[in-house]
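The structure under discussion appears below in the form of structure tokens.
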Amino acid sequence: MNKKPNQLYVLKCGERYKIGITSDITQRMLSLQVGNADVITLEYIEERYNPIKAERWLHKQFASKKVKGEWFENITLNEIRSKLMMFHYQEPNPEEE
0 MNKKPNQLYV LKCGERYKIG ITSDITQRML SLQVGNADVI TLEYIEERYN
50 PIKAERWLHK QFASKKVKGE WFENITLNEI RSKLMMFHYQ EPNPEEE
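Taking numbering that gives the first Met the number 0, the leading residue of the sequence shown gets 0, the next gets one more, and so forth.
Listed below in structure tokens is the structure:
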């Protein structure tokens, strides 16, 4: 597999979390920080060859907590990580197929 992995990330700003994907987390954080008075912090990151599937699944899991776009509130990092572990457990490993 020659595809470059992208990064699935969780950012925090105030009491809200952003669940997204990027190929350059530093650049992504800089672009989100511009014009934002609150500090954005990186809470979680992992490299994946197909992060879109995991990102969409997480967005569905937290749909009722969505504020706007990819931002969510009234959740914790532990809840996000727990859901992500559930996703990893049910997702087939392409290297094993």
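In this text, a Cβ means the ideal position worked out from N, Cα and C, and glycines have one as well.
Among residues of its own chain, excluding the 5 on either side of residue 46, which ones have a beta-carbon nearer than 6 Å to its beta-carbon?
Walking along the sequence shown from the start, residue 46 turns up at place 47. Contacts found: 4 and 6.
8 Å Cβ cutoff met for residue 53 and residue 31
Within the sequence shown, residue 53 is the residue found at index 54, counting from 1. Within the sequence shown, residue 31 is the residue found at index 32, counting from 1. Contact check for residue 53 against residue 31 fails: the beta carbons are separated by 8 Å or more.
Does the Cβ of residue 27 have 16 or more other Cβ atoms within 10 Å, making it buried, or fewer, making it exposed?
Here residue 27 refers to the residue found at position 28 when the sequence shown is read from its first residue. Buried.
Would you mind sorting residue 0 into buried or exposed? The rule is 16 or more other CB atoms within 10 Å of its CB.
Locating residue 0 in the sequence shown gives position 1, counting from the first residue. With a pLDDT of only 47 at residue 0, under the threshold of 50, the placement of this residue in the model should not be trusted; the figure read from the coordinates follows. Its Cβ having fewer than 16 others within 10 Å, residue 0 is exposed.
Endpoints, alpha helix (DSSP H) assigned at residue 75
As a working note, residue 75 is residue 76 in the sequence shown. Note, residue 75: premise wrong, no alpha helix (DSSP H); not H, not E.
Go through its chain and collect everything with a Cβ distance to residue 71's Cβ below 8 Å, but skip five positions before and after it.
Locating residue 71 in the sequence shown gives position 72, counting from the first residue. Same-chain partners within the cutoff: 15, 16, 17, 18, 61, 64 and 65.
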